[in-house]
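These protein sequences, in sequence, are chains P and Z.
For reference, each letter of the first sequence is one residue, going 1 to 322 in the working numbering.
For reference, each letter of the second sequence is one residue, going 1001 to 1322 in the working numbering.
The C-beta atom is built at its ideal place from N, Cα and C for all residues, glycine as well.
Number of protein chains: 2
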Amino acid sequence: MRLGLDIGGTKTDAVVLDDGGALAHRLRAATGLGADAVVATAVTLIERIASEAGLEPASFDSIGVGIPGQVDTATGHVWHAVNLGVDELDFGGRVSERIGVPVSVENDVKAAALGAYHLLPGRQQERSMAYLNLGTGLAAGLVIDGRLWRGARGAAGEIGHIPVDPQGVLCPCGQRGCLETVASGSAIARQWPSDDPIPIRSLLAAAEAGDGAAQRIRDSFVDNVAAAVRVLVLTLDVDTVTIGGGLSALGDWLLDSVREVLGRWAADSAFLASLGLSDRVRVVPAGFPAAAVGAALVGAGTSHPVVSLGEQRDERVVSWLK
Amino acid sequence: MRLGLDIGGTKTDAVVLDDGGALAHRLRAATGLGADAVVATAVTLIERIASEAGLEPASFDSIGVGIPGQVDTATGHVWHAVNLGVDELDFGGRVSERIGVPVSVENDVKAAALGAYHLLPGRQQERSMAYLNLGTGLAAGLVIDGRLWRGARGAAGEIGHIPVDPQGVLCPCGQRGCLETVASGSAIARQWPSDDPIPIRSLLAAAEAGDGAAQRIRDSFVDNVAAAVRVLVLTLDVDTVTIGGGLSALGDWLLDSVREVLGRWAADSAFLASLGLSDRVRVVPAGFPAAAVGAALVGAGTSHPVVSLGEQRDERVVSWLK
Chain P
1 MRLGLDIGGT
11 KTDAVVLDDG
21 GALAHRLRAA
31 TGLGADAVVA
41 TAVTLIERIA
51 SEAGLEPASF
61 DSIGVGIPGQ
71 VDTATGHVWH
81 AVNLGVDELD
91 FGGRVSERIG
101 VPVSVENDVK
111 AAALGAYHLL
121 PGRQQERSMA
131 YLNLGTGLAA
141 GLVIDGRLWR
151 GARGAAGEIG
161 HIPVDPQGVL
171 CPCGQRGCLE
181 TVASGSAIAR
191 QWPSDDPIPI
201 RSLLAAAEAG
211 DGAAQRIRDS
221 FVDNVAAAVR
231 VLVLTLDVDT
241 VTIGGGLSAL
251 GDWLLDSVRE
261 VLGRWAADSA
271 FLASLGLSDR
281 VRVVPAGFPA
291 AAVGAALVGA
301 GTSHPVVSLG
311 EQRDERVVSW
321 LK
Chain Z
1001 MRLGLDIGGT
1011 KTDAVVLDDG
1021 GALAHRLRAA
1031 TGLGADAVVA
1041 TAVTLIERIA
1051 SEAGLEPASF
1061 DSIGVGIPGQ
1071 VDTATGHVWH
1081 AVNLGVDELD
1091 FGGRVSERIG
1101 VPVSVENDVK
1111 AAALGAYHLL
1121 PGRQQERSMA
1131 YLNLGTGLAA
1141 GLVIDGRLWR
1151 GARGAAGEIG
1161 HIPVDPQGVL
1171 CPCGQRGCLE
1181 TVASGSAIAR
1191 QWPSDDPIPI
1201 RSLLAAAEAG
1211 DGAAQRIRDS
1221 FVDNVAAAVR
1231 VLVLTLDVDT
1241 VTIGGGLSAL
1251 GDWLLDSVRE
1261 VLGRWAADSA
1271 FLASLGLSDR
1281 VRVVPAGFPA
1291 AAVGAALVGA
1301 GTSHPVVSLG
1311 EQRDERVVSW
1321 LK
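(1) Just to make sure I have the definition right: I need the residues of chain P whose C-beta is within less than 7 Å of the C-beta of Phe1380 of chain Z. Which are they?
(2) Is the stretch 1283–1297 of chain Z touching the stretch 1103–1123 of chain Z in the sense that three or more CB pairs, one from each, lie closer than 8 Å?
(3) So that I know if they touch, is there some Cβ in chain P lying closer than 7 Å to that of Asp1087 of chain Z?
(4) Helix, strand or coil: how does DSSP classify Leu250 of chain P here?
(5) Residues in its own chain within less than 7 Å of Arg1218 of chain Z by CB, not counting five upstream and five downstream?
(6) Determine, using beta carbons only, whether Gly1034 of chain Z and Gly1085 of chain Z come nearer to each other than 7 Å.
(7) Determine whether the beta carbon atoms of Val1101 of chain Z and Pro1057 of chain Z lie at a separation below 7 Å.
(8) Using a Cβ-Cβ cut-off of 7 Å, state whether Arg1218 of chain Z counts as contacting chain B.
(9) Between Leu27 of chain P and Leu1179 of chain Z, what straight-line distance do the alpha-carbon atoms span, to the nearest angstrom?
(10) Can you check which of these residues, Z:Val1071, Z:Ala1187 and Z:Ser1128, is closest to Pro1199 of chain Z by C-alpha distance?
(11) Going along the chain, which residues of its own chain have a beta-carbon closer than 6 Å to the beta-carbon of Glu1088 of chain Z, five neighbours each way excluded?
(12) In whole angstroms, what separates the C-alpha of Thr1012 of chain Z from that of Asp1006 of chain Z?
(13) Do the CB positions of Ala112 of chain P and Ala290 of chain P come within less than 7 Å of each other?
(14) What separation, rounded to the nearest whole angstrom, lies between the Cα atoms of Gly301 of chain P and Val71 of chain P?
(15) Apart from the five residues on each side of it in sequence, which residues of its chain come closer than 7 Å, Cβ to Cβ, to Gln1191 of chain Z?
(16) Considering only the beta carbon of each residue, do Leu272 of chain P and Trp265 of chain P sit closer than 7 Å?
(17) Compile a chain-ordered list of the residues in the stretch 134–167 of chain P whose CB is closer than 9 Å to at least one CB of chain Z.
(18) Does any residue of chain Z have a CB that is nearer than 7 Å to the CB of Leu120 of chain P?
(19) The stretch 184–216 of chain P: which residues have C-beta closer than 7 Å to a C-beta of chain Z, in chain order?
(20) Please list the terminal residues of the continuous alpha helix (DSSP H) segment that includes Gln175 of chain P.
(21) Buried or exposed for Glu315 of chain P, going by 16 or more other Cβ atoms inside 10 Å?
(22) Strictly below 9 Å CB to CB, what residues from chain P border Val1238 of chain Z?
(23) Per DSSP, what are the beta-bridge partners of Gln70 of chain P in this structure?
(24) Rounding to the nearest angstrom, what Cα-Cα distance links Ile1099 of chain Z and Trp1149 of chain Z in this structure?
(25) Within this structure, are the beta carbons of Ala1014 of chain Z and Leu1045 of chain Z separated by less than 7 Å?
(26) Closest to Pro1197 of chain Z by CA distance: which of Z:Leu1247, Z:Pro1163 and Z:Val1229 is it?
(27) Could you tell me the alpha carbon to alpha carbon distance between Ile162 of chain P and Gln175 of chain P, rounded to whole angstroms?
(28) Between the stretch 272–300 of chain P and chain Z, which residues of the former have a C-beta closer than 9 Å to a C-beta of the latter?
(29) Around the C-beta of Ala74 of chain P, are 16 or more other C-beta atoms found within 10 angstroms, so that it is buried, or is it exposed?
(30) Output needed for Met1001 of chain Z: all residues of its chain with C-beta closer than 8 Å, excluding positions within five of it in sequence on either side, in chain order.
(31) Determine the chain P residues that contact Asp1268 of chain Z at a beta-carbon separation under 8 Å, and present them in chain order.
(32) Which stretch, first to last residue, makes up the beta strand (DSSP E) that contains Ile1007 of chain Z?
(33) Would you give the residue range spanned by the alpha helix (DSSP H) that Val1143 of chain Z belongs to?
(34) Which partner residues of Ala30 of chain P appear in the DSSP bridge assignment?
(35) Determine, for Leu234 of chain P, whether the minimum Cβ-Cβ distance to residues of chain Z falls below 7 Å.
(36) Measuring only the C-alpha atoms, how far is Thr1181 of chain Z from Arg282 of chain P?
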């Protein structure tokens, strides 16, 4: 049995995978903010789900945690987990000490990439996948040749900071017009201030009602999500691009809109058409615990695990989620 | 012994690698244009360099060929090798039939990526490299985890068709403002028509002499080569980006200019600075037969060879080239 945690800005997701790779248990709880509260959230959830599974933490084959920010996978150290109120934290060390067994730590988007790759149907035919995370920011996790690819310094997939508009706004990263400044939750919140806790909901309603400004912001958002897909396929030629993160809750609307843009581009470019971009895009199903499952797999003890989950088990997981 | 060929638009390069991976023989000849002449060039050079090595073609452990255009590595079929006057050709089949043994075929930029990865010093510490080919067009070959990564449809590295300027010129691919329309040999030839067989030489001379238009074209070229490096590192976080292709003959000027732009960007962005882009860039030494050597390695019989060349041998190859 493997245990995985995904520590998000509002909620933390815990899962237990059985020996066949199927989801045996799942728990969610609010995430505490600040270093001490984040550690306490992780420890409490590990103990609760272990107890639900009838095991001691030490009895699991592995325990892994996905967490936002920059992660040193060798030490479990975490930096710049802004949404958690954490600037720097020996997360792996502190959690391991509290529960008495080693814990693997991975960036949440990278963990989600691994989780989505192993859970989604069809991966048997696919050697590669980019997981395009549309949350507060925009970043991708990459699975290449069936393995998580972190890159030389763990920066693989940081496509949110590829500039796409020389006249664009200044990005917190110091560059101008980054992809993240037009195709992310923060981009929508900046361009369409709203009391709605999900600003894009208000934006889409206004656009639907005929507001020209809202339509322009919406169209720019969709165009640039499509541009992110294009960058990923032109650079890596991944079999699929799976869109996840908070904005993936837009579900079919997001998928259809992005495919419509990719289809329009393909109509003008035989080259793009030959790449079949539109067919490669998917959106993760709502509630899909990709990062927690991926964290359980990362916990297998290497940052490049090749974990084979049987086809049968995949189907069970997928139907469990429906 | 392995035999490798690189079929270029003007010259074809042939090499023989000995069992330790060192360059034992090298020959060059003019490339004939059109399907029949291209096949004849390959067959003649294979026979000549085999004879120089004192072997029959059938005695080599492998024979591989790098060729421009789209390549089906399973069949050796080639499409759209425009510079060779070839629209479609059963290249692998025809050459194999003529010399009596199977020949592996790979796209020349992908072969060069593998060759550069194995030949350049320092690869012992490096798991990944992007080979950025600046020739008539702009494309990259990718080595990830020590292996050539072709992608789902062989399109990995086609970053020349990432649009960077919505107001840019129409690219032959059907999109507007592609990276290739501003940072390639064809981009220079279009923007700076000249009788010089190497138009960028005339451009750089004019820019040096104070011509404002030439300076703008030159600066846009360098900025966008740097942008290509940024796309490769932000997407893949490769250890190094090695610039090759015809324009790599610009050598230190190109390396220094690109590093100057990357350094300027890093001064404005702590994020980019943390990635150390400038330190990751290299330019292939003049005359470096990267594609021919890579073709010899591709010929090992798989599109994802892991060929280990001893450190000693690498040094011999590198010094042979100086």
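Taking the geometry as given:
(1) Summary: the structure shown does not reach residue 1380 of chain Z, with chain Z confined to residues 1001 through 1322, and so no result is reported for it.
(2) The stretch 1103–1123 of chain Z is in contact with the stretch 1283–1297 of chain Z.
(3) No, no contact with chain P.
(4) Three-state DSSP puts Leu250 of chain P in a helix.
(5) So the list reads Leu1203, Leu1204 and Ala1207, once near-sequence residues are dropped.
(6) For the pair Gly1034 of chain Z and Gly1085 of chain Z, the CB atoms are nearer than the 7 Å cut-off.
(7) With contacts defined as CB atoms closer than 7 Å, Val1101 of chain Z and Pro1057 of chain Z qualify as a contacting pair.
(8) Going by chain labels, chain B is absent from the structure shown, which instead holds the protein chains P and Z.
(9) Straight-line Cα distance between these residues: approximately 47 Å.
(10) Here the closest residue by C-alpha is Z:Ala1187.
(11) Excluding positions up to five away in sequence, the list reads Trp1079.
(12) Answer to the nearest angstrom: the Cα atoms are 5 Å apart.
(13) Yes; because the gap between Cβ atoms is below 7 Å, this pair is in contact.
(14) Unreliable placement is indicated for Gly301 of chain P, whose pLDDT of 43 sits below 50; no coordinate value is reported for it.
(15) Setting aside the 5 residues that flank it on each side, Gln1191 of chain Z is surrounded in the same chain by Ile1217, each with a C-beta closer than 7 Å to its C-beta; the list follows chain order.
(16) Going by beta carbons, Leu272 of chain P and Trp265 of chain P fall inside the 7 Å limit.
(17) Taking 9 Å as the Cβ-Cβ cut-off, the stretch 134–167 of chain P approaches chain Z at Ala140, Leu142, Ile144, Asp145, Arg147, Trp149, Arg150, Gly151, Ala152, Arg153, Gly154, Ala155, Ala156, Gly157, Glu158, Ile159, Gly160, His161, Ile162, Pro163, Val164, Asp165 and Pro166, given in chain order.
(18) Leu120 of chain P does not count as touching chain Z.
(19) Those would be none; no residue qualifies.
(20) Element bounds for Gln175 of chain P: n/a, residue is neither H nor E.
(21) Model confidence at Glu315 of chain P stands at a pLDDT of 41, short of 50, so the residue's coordinates are unreliable; what they give is reported in the following sentence. Classification of Glu315 of chain P: exposed, given that the 10 Å Cβ count is below 16.
(22) Simply Gly151, Ala152 and Ala156.
(23) Gln70 of chain P pairs with P:Trp79.
(24) Take the alpha-carbon of Ile1099 of chain Z and the one of Trp1149 of chain Z: they are about 29 Å apart.
(25) Contact annotation: Ala1014 of chain Z and Leu1045 of chain Z have beta-carbon atoms nearer than 7 Å.
(26) Residue Z:Leu1247 holds the alpha-carbon nearest to the alpha-carbon of Pro1197 of chain Z among Z:Leu1247, Z:Pro1163 and Z:Val1229.
(27) One C-alpha to the other measures close to 9 Å.
(28) Of all residues in the stretch 272–300 of chain P, Leu272, Ala273, Ser274, Leu275, Gly276 and Arg280 have a Cβ within less than 9 Å of some Cβ in chain Z.
(29) A residue is called buried when at least 16 other Cβ atoms come within 10 angstroms of its Cβ; Ala74 of chain P does not meet this threshold and is exposed.
(30) Excluding residues within five positions, the ones whose Cβ falls inside 8 Å are Val1016, Leu1017, Asp1018, Asp1019, Ala1024, Ala1053, Leu1055, Ser1059, Phe1060 and Asp1061.
(31) Gly174 and Gln175, listed in chain order.
(32) Where Ile1007 of chain Z is concerned, the enclosing beta strand (DSSP E) stretches over Arg1002 to Ile1007.
(33) Segment Leu1138 to Ile1144 is the beta strand (DSSP E) holding Val1143 of chain Z; no alpha helix (DSSP H) there.
(34) Per DSSP, the beta-bridge partners of Ala30 of chain P are P:Lys11.
(35) Yes, because at least one Cβ of chain Z sits closer than 7 Å to the Cβ of Leu234 of chain P.
(36) Rounded to the nearest angstrom, the two C-alpha atoms are 31 Å apart.
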